[in-house]
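*Asks:* Residue numbers (this note's numbering): 303 to 475. Have a look at the structure that comes next, please.
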């Protein structure tokens, strides 16, 4: 049995009606193999080699200050603060000194936002919609994975029952 979470239909992952053609062309032109380093939460159609390299280059830290994140992204701090107002996935926690503290997931999301805006030329609204659809996709993928694991358990139980029935048949032959 194959994993249904890895067989998601690309039409379900479209980024809105006005981006469907772009997504289909991009998906055909830049096929990125999903590897162990591919972030689970980012579908292959939104990933490319450069984004993967940038994500893998993120330092392994518990938290990042706004200056650190701005440097990683190659943008000004005020741009990052603006993105916080536009994208609900980018909501850093505030430390006791009121300093913004970003998680690794926040940095990954910011890298994806930068890719959508700068390299893929999405508008703010288009990138916002893409991030919302990505969030819905991740939620759906998690649900599908849970169902898959439950089905695996049911399948194992059925196989055990079949073996038991065969044993009983052998006894009564």
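Yeah, the Cβ is synthetic: ideal placement off N, Cα and C, and Gly gets one too.
#1: Use the C-beta contact count for residue 409: other C-beta atoms within 10 angstroms, 16 or more gives buried, fewer gives exposed.
#2: Specify, as a first and last residue, the run of the beta strand (DSSP E) that residue 402 falls within.
#3: Below 8 angstroms on the Cβ atoms is my contact criterion, and I expect residue 406 with residue 360 to pass it. Report the Cβ-Cβ distance as a whole number of Å.
#4: Let me make sure I understand the geometry here. Which of 444, 441, 445 and 411 has the alpha-carbon closest to that of residue 429?
#5: Please state whether DSSP places residue 396 in a helix, a strand or coil.
#6: Take residue 379 and list the residues in its own chain whose beta-carbon comes closer than 8 angstroms to its own, dropping the five residues that flank it on each side.
#7: Provide the residue(s) that pair with residue 424 in DSSP beta bridges, ordered along the chain.
*Replies:* So, from the data block:
#1: Position 107 of the chain shown, counted from the first residue, corresponds to residue 409. That one is buried.
#2: On the chain shown, residue 402 is found 100 positions in, with the first residue counted as 1. Start and end: 402-404.
#3: Taking the chain shown and counting its residues from 1, the one referred to as residue 406 is at position 104. Taking the chain shown and counting its residues from 1, the one referred to as residue 360 is at position 58. Right, their Cβ atoms sit about 6 angstroms apart.
#4: Taking the first residue of the chain shown as position 1, residue 429 is located at position 127. The option with the nearest alpha carbon to residue 429 is 411.
#5: Indexing the chain shown from 1 puts residue 396 at position 94. Three-state DSSP puts residue 396 in a strand.
#6: What you label residue 379 is simply residue 77 of the chain shown in a count that begins at 1. Contacts found: 368, 369 and 372.
#7: Here residue 424 is taken as the residue at index 122 of the chain shown, counted from 1. None; residue 424 has no bridge partner.
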